[in-house]
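Shown next, in structure tokens, is the structure this report addresses.
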Amino acid sequence: MGWSKSTETRTEIDEVTGLEYPVTVSKYVFGVELLGAALGVSGGLFGLSFAFCKPARPGNRSGAEISMI
387 MGWSKSTETR
397 TEIDEVTGLE
407 YPVTVSKYVF
417 GVELLGAALG
427 VSGGLFGLSF
437 AFCKPARPGN
447 RSGAEISMI
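Residue numbers for the sequence shown follow the numbering used here, beginning at 387 and rising by one.
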């Protein structure tokens with residue numbers, strides 16, 4: 387786990403000589419900053435949703451209270 391990377395280095399073994407050598411492969415690996423950004427955006431949108439909710443009026447009754455009358 388760490389920062390995002392666009393390449394990945396892995397070790398392979400030569401079939402003839404048996405020696406190990408590094409191979410760099412072009413591959414995108416997600417990191418923790420992408421997770422943090424996604425959580426930040428979702429938390430911001432969640433907080434922003436409270437700014438647009440309708441406040442409950444004291445004169446309104448729920449459906450359960452009306453049916454009991």
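For every residue, glycine included, the Cβ atom is placed at its ideal position computed from N, Cα and C. The structure displayed is predicted, hence computed values, not measured ones.
Item                                                                                                                                                  : Value
Quick one, which of LYS440, LEU431, THR397 and TYR414 has its alpha-carbon nearest PRO408's?                                                          : THR397
Which residues bound the beta strand (DSSP E) around GLU406?                                                                                          : 406-415
Measuring CB atoms only, is the stretch 429-440 touching the stretch 402-417, in the sense that at least three cross pairs come out at less than 8 Å? : no
Do LEU420 and SER392 have their beta-carbon atoms positioned less than 7 Å apart in this structure?                                                   : no
Distance, Cα to Cα, PRO441 vs LEU431?                                                                                                                 : 19 Å
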